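A.B. asks: One structure, pasted below without further comment.
Numbering (this note's numbering), first residue to last: 12 to 259.
As structure tokens, then:
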């Protein structure tokens with residue numbers, strides 16, 4: 012059930028459908044492996060397991076892996092009917108546990124389990140060469156191995172989903188940072204554009220002032236040339252009048 016909690020947590024944070032499919036596959040494999048082991052143990056105890064009972068066992072295990080309340084109900088050891096889940100709603104536990112909420116009493120279960128297992132081991136010890144006993148032990152070993160592999164696959168799938176979720180979260184953070192940087196740079200570009208426009212306006216104003224000053228300077232130069240000519244002409248006239256006076 013601890014693996015079920017890990018699978019539920021990973022499924023809630025799974026970033027995409029591919030990871031969800033991996034988790035679903037791991038859950039089905041785990042349920043199948045647990046059911047196989049349970050069937051093998053039941054057969055070792057001399058009890059046959061029908062296909063319908065196995066289906067109910069798998070449904071109950073699937074519900075326990077999907078819903079923590081169903082897992083708690085399964086832990087009591089007092090289920091009186093199979094559990095099922097649609098993957099969306101909470102598992103219906105109404106009337107599923109004998110005696111209502113409570114914990115399992117270990118007295119009869121533990122002594123019975125101990126007696127059965129002890130008897131089984133004794134039987135194996137005295138009839139280890141029995142082909143049926145050897146086949147049962149082989150099937151149990153195979154079921155335990157399959158369960159261990161399914162548990163490892165489930166843990167790996169949950170871990171991969173969590174890592175993918177963390178990677179997605181980190182990528183989202185980086186994307187947000189990049190977007191913020193882009194926004195900041197866009198603001199800076201707009202500021203630079205405004206400053207460039209202002210500088211161009213100032214340059215145009217300065218150019219106009221230079222053009223005006225140049226025109227004024229040229230006009231002043233022309234006036235100075237004209238004044239110089241007038242002065243020269245006046246000097247010449249003065250000199251001419253002086254010469255006339257001297258001749259008289």
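Built from N, CA and C at the ideal position, the CB exists for glycine as well.
Quick caveat: nothing in here was measured; it's all calculated off a predicted structure.
Count the other CB atoms, across all protein chains shown, that sit within 10 Å of the CB of residue 221; report buried if there are 16 or more and exposed otherwise.
C.D. replies: In the chain shown, residue 221 corresponds to position 210, counting from 1. Burial call: exposed.
A.B. asks: By Cβ distance below 6 Å, which residues in the same chain neighbour residue 154 in space, the five residues on each side in sequence not counted?
C.D. replies: For the purposes of this step, residue 154 is taken as residue 143 along the chain shown, with counting starting at 1. Here the set comprises 47, 48 and 51.
A.B. asks: Quick check: what's the CA-CA separation for residue 245 versus residue 252?
C.D. replies: Start at 1 with the first residue of the chain shown, and residue 245 comes out as number 234. Start at 1 with the first residue of the chain shown, and residue 252 comes out as number 241. Whole-angstrom Cα-Cα distance: 11 Å.
A.B. asks: Identify whether residue 64 lies in helix, strand or coil by the three-state DSSP scheme.
C.D. replies: Counting from 1 along the chain shown, the entry for residue 64 is found at position 53. Helix.
A.B. asks: Please determine if the stretch 163-172 and the stretch 52-64 are in contact, where contact requires at least 3 C-beta pairs separated by less than 8 Å.
C.D. replies: Short answer: they don't touch.
A.B. asks: Nearest CA to the CA of residue 95: which residue from 76, 160 and 184?
C.D. replies: Here the question's residue 95 lines up with position 84 in the chain shown. Residue 95 has its Cα closest to that of 76, out of 76, 160 and 184.
A.B. asks: Go ahead and label residue 243 buried or exposed: buried means 16 or more other beta carbons lie within 10 angstroms of its beta carbon, across all protein chains shown.
C.D. replies: As a working note, residue 243 is residue 232 in the chain shown. Its Cβ having fewer than 16 others within 10 Å, residue 243 is exposed.
A.B. asks: Residue 90 bridges to which residues according to DSSP?
C.D. replies: The sequence position of residue 90 within the chain shown is 79, counting from 1. DSSP lists 108 as partners of residue 90.
A.B. asks: Report the rounded CA-to-CA distance for residue 292 versus residue 149, giving the unit in angstroms.
C.D. replies: No answer is possible for residue 292: the residues shown for the chain start at 12 and end at 259.
A.B. asks: Starting from the Cα of residue 64, find the closest Cα among 91, 80, 39 and 86 and give me that residue.
C.D. replies: Residue 64 sits at position 53 when you count from the first residue of the chain shown. Comparing Cα positions, the closest option is 91.
A.B. asks: In whole angstroms, give me the CA-to-CA distance for residue 241 and residue 217.
C.D. replies: For the purposes of this step, residue 241 is taken as the residue at position 230 of the chain shown. For the purposes of this step, residue 217 is taken as the residue at position 206 of the chain shown. Going from the Cα of residue 241 to the Cα of residue 217 covers about 36 Å.
A.B. asks: Indicate whether residue 44 and residue 185 have their beta-carbon atoms separated by less than 7 Å.
C.D. replies: As a first step, residue 44 must be located in the chain shown, where it is residue number 33. As a first step, residue 185 must be located in the chain shown, where it is residue number 174. No, these two residues do not count as a Cβ contact at 7 Å.
A.B. asks: Judging by CA-CA distance, which residue of 73, 86, 258 and 235 is the nearest neighbour of residue 97?
C.D. replies: In the chain shown, counting from the first residue as 1, residue 97 sits at position 86. Nearest option by C-alpha distance: 73.
A.B. asks: Could you check what DSSP says for residue 36 in three-state terms: helix, strand or coil?
C.D. replies: Translated into the one-based positions of the chain shown, residue 36 becomes position 25. Helix.
A.B. asks: Would residue 108 and residue 89 be called neighbours here (beta carbons separated by less than 7 Å)?
C.D. replies: What you label residue 108 is simply residue 97 of the chain shown in a count that begins at 1. What you label residue 89 is simply residue 78 of the chain shown in a count that begins at 1. Yes.
A.B. asks: In the structure shown, what three-state DSSP assignment does residue 96 receive?
C.D. replies: Within the chain shown, numbered from 1, the residue matching residue 96 stands at position 85. Three-state DSSP puts residue 96 in coil, outside helix and strand.
A.B. asks: Report, in whole angstroms, the separation of the C-beta atoms of residue 70 and residue 164, which I expect to be a contact under 8 Å.
C.D. replies: The sequence position of residue 70 within the chain shown is 59, counting from 1. The sequence position of residue 164 within the chain shown is 153, counting from 1. No, residue 70 and residue 164 are not in contact; Cβ-Cβ is about 21 Å, not under 8 Å.
A.B. asks: Do residue 84 and residue 104 have their C-beta atoms closer together than 7 Å?
C.D. replies: Here the question's residue 84 lines up with position 73 in the chain shown. Here the question's residue 104 lines up with position 93 in the chain shown. A contact, by the Cβ cut-off of 7 Å.
A.B. asks: From residue 176 to residue 182, what does the alpha carbon distance come to, in whole angstroms?
C.D. replies: The sequence position of residue 176 within the chain shown is 165, counting from 1. The sequence position of residue 182 within the chain shown is 171, counting from 1. The straight-line gap from Cα to Cα measures roughly 10 Å.
A.B. asks: Buried or exposed for residue 161, please, with buried defined as at least 16 other CB atoms from any protein chain shown within 10 angstroms of its CB.
C.D. replies: Within the chain shown, numbered from 1, the residue matching residue 161 stands at position 150. Its Cβ being crowded by 16 or more others within 10 Å, residue 161 is buried.
A.B. asks: Residue 33: buried (16+ other C-beta within 10 angstroms of its C-beta) or exposed?
C.D. replies: Numbered from 1 along the chain shown, position 22 holds the residue referred to as residue 33. Flag for residue 33 reads buried.
A.B. asks: Can you name, in chain order, every residue of its own chain whose Cβ lies under 6 Å from the Cβ of residue 197, other than the five neighbours on each side?
C.D. replies: By 1-based counting over the chain shown, the position of residue 197 is 186. There are no such residues.
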